[in-house]
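Heads up, the sequence shown is in this note's numbering, so the first residue is 1446 and it goes up one at a time.
For each residue, glycine too, the CB sits at the ideal point set by N, CA and C.
These notes concern the structure reproduced below.
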Amino acid sequence: MTTVFKPLPAPVGSGGEAGLWTYLARVHDVIRGVLAGKLNCTTTVTLAAGTTTTTLTDPRIGAQSVILFMPATANAAGAMANLHVSARSQGAATLTHSNSATTDRVFGVAIIG
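If you want it as structure tokens, here you go:
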């Protein structure tokens, strides 16, 4: 999982006013990152060779997630026409694709929702 900015922990009840200002500064940093496009929703996947399915495992995937692909190699660009998400569940998605002996079909992946 790619992390672009520090995750925001839940606020704690102690620390007084100084703790509150520290927490608000972290909230500010996260919001600025989101507005700059740093969404912490990307990863990579390499399609499995010699089969027609690959399992993408990531805790951010849910049954309603939208999964977007960006080919990162020439062989991945050639595989785009036959690549689709055939199933989604909590934590995993099944990618269906053409069977190829090629081992460098690498994609950048964005997981939304």
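Query, Result
"Beta-carbon gap between A1537 and T1502 smaller than 8 Å", "yes"
"Simplified DSSP state of H1473, which is helix, strand or coil", "helix"
"S1510 Cβ short of 7 Å to the ligand ATP heavy atom set", "The ligand ATP is absent from the structure shown, which contains no ligand whatsoever."
"Per-residue DSSP class, three states only, for L1453", "coil"
"Limits of the unbroken alpha helix (DSSP H) element including G1523", "1519-1524"
"Where R1477 falls, given that 16 or more other Cβ within 10 Å makes a residue buried", "exposed"
"Q1509 versus S1534 - alpha carbon distance", "8 Å"
"7 Å Cβ shell around G1392 - same chain, five flanking residues per side excluded", "Because the chain here runs from 1446 to 1558, residue 1392 falls outside it and cannot be looked at."
"Buried versus exposed call for I1557 [16 or more other C-beta atoms within 10 Å across all chains shown]", "exposed"
"Neighbourhood of H1529 by C-beta, 7 Å cutoff - its chain only, sequence neighbours within 5 removed", "T1541"
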